[in-house]
């Protein structure tokens with residue numbers, strides 16, 4: 001369950017976190033409650049206090065040494081909670097600005113820096129920039145899979161792709177073969193759910209409950225599809241067997 005850092009400002013965040021913890025506790029397989037794009041130590045601290053099992057600290061806009069220092073501070077804090085930490089090296093920008101950065105190879109992760117970054121921070125997952133973008137791509141995605149392979153061959157921790165929406169199924173498979181282990185995917189889910197809700201709302205006799213059911217159905221169908229595409233379907237170990 002990925003929770004965007006902006007949600008931490010909501011008045012009901014403690015109730016929401018309790019709901020997520022309850023859901024995870026009753027699943028038959030291991031699951032994570034993860035803070036996405038945390039920007040401050042205070043956000044990370046709150047997420048950990050709320051029972052999040054993993055946190056992301058996004059200091060990717062900072063200079064390299066400052067990114068290391070901030071990430072290391074979060075790792076040290078998270079260790080007291082037994083939580084994992086994701087960081088970002090290079091910067092993944094917005095899809096509606098893609099021609100100015102991704103297509104122009106700006107903000108790409110430098111493979112020469114990844115070993116130093118991982119060793120000095122102790123981070124558990126690394127999000128990299130290789131032509132990917134948040135939201136919808138302004139133009140055709142230009143993914144540098146050789147960069148992904150180079151980073152994959154340099155460090156052992158899982159690599160993360162942010163901005164998972166907008167690729168073909170074959171492109172997702174190529175990204176995974178190149179070395180990506182975790183894909184963050186939201187915009188496509190949002191679009192599928194919104195379209196289904198609009199269609200349902202336009203039907204005669206539409207109700208709020210029907211619209212909410214349409215949202216859940218769209219999410220479920222989309223998630224099932226991409227779990228299959230990503231090769232993740234049916235691979236989770238039962239909780240009793242997971243380490």
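Residue numbers (our numbering): 1 to 243.
C-beta: ideal position from N, C-alpha, C; glycine also.
Every value quoted in this text rests on a predicted model; they were computed, and no experiment measured them.
**Request:** Keeping to the same chain, check which residues put their C-beta closer than 7 Å to that of residue 115; ignore five residues upstream and five downstream.
**Result:** Same-chain partners within the cutoff: 154 and 155.
**Asked** By Cβ distance, which residues of its chain are closer than 7 Å to residue 91, with the 5 residues on each side in sequence left out?
**Response** 60, 61, 107 and 129
**Prompt:** Where residue 235 and residue 229 are concerned, what is the direct C-alpha to C-alpha distance, given to the nearest angstrom?
**Reply:** 13 Å
**Prompt:** Per DSSP, residue 54 forms a beta bridge with which residues?
**Reply:** 34 and 84.
**Asked** Which first and last residues belong to the beta strand (DSSP E) in which residue 128 is found?
**Response** 125-128
**Strand pairing of residue 3, partner residues [DSSP]** = According to DSSP, which records beta bridges pairwise, residue 3 is partnered with 35.
**Helix, strand or coil at residue 26 according to DSSP, with G and I counted as helix** = coil
**Request:** Determine the contact status of residue 57 and residue 22, defining contact as a CB-CB distance below 9 Å.
**Result:** Result no, Cβ atoms of residue 57 and residue 22 do not sit closer than 9 Å.
**Message:** To the nearest angstrom, how far is the alpha carbon of residue 63 from that of residue 141?
**Reply:** So the alpha carbons of these two residues sit roughly 26 Å apart.
**Item:** Exposed unless 16 or more other CB atoms sit within 10 angstroms - verdict on residue 98
**Value:** buried
**Message:** My output table needs one value for residue 60: the three-state DSSP class, helix, strand or coil.
**Reply:** coil
**Asked** CA-CA distance, residue 74 and residue 201?
**Response** 44 Å
**Message:** Beta-carbon within less than 8 Å of residue 36's beta-carbon, same chain only, minus the 5 sequence neighbours each way: which residues are those?
**Reply:** Counting only Cβ-Cβ distances below 8 Å, and skipping sequence neighbours, we find 2, 3, 4, 5, 56 and 184.
**Prompt:** In chain order, which alpha helix (DSSP H) runs of at least 4 residues are fully inside the region 116-157?
**Reply:** Along the region 116-157, the alpha helix (DSSP H) occurs as fully enclosed runs of 4 or more residues at 145-152, listed in sequence order.
**Request:** Give the straight-line distance between the Cα atoms of residue 71 and residue 137, rounded to the nearest whole angstrom.
**Result:** 28 Å
**Message:** Distance check for residue 211 and residue 189, CA to CA, integer angstroms please.
**Reply:** 15 Å
**Message:** Quick test of your reading: residue 84 and residue 110, contact by CB under 8 Å. State the CB separation rounded to the nearest angstrom.
**Reply:** Actually they do not touch by this definition, with Cβ atoms about 24 Å apart.
**Item:** Whether residue 48 touches residue 81 by CB criterion (9 Å)
**Value:** yes
**Buried or exposed by the 16-neighbour rule on C-beta atoms within 10 Å, applied to residue 12** = exposed
**Beta-ladder partner(s) of residue 182, from DSSP** = 160
**Asked** Mind pulling the beta strand (DSSP E) runs of 3 or more residues that sit fully within the region 167-217?
**Response** For the region 167-217, whole beta strand (DSSP E) runs of length 3 or above, ordered along the chain, are 180-183.
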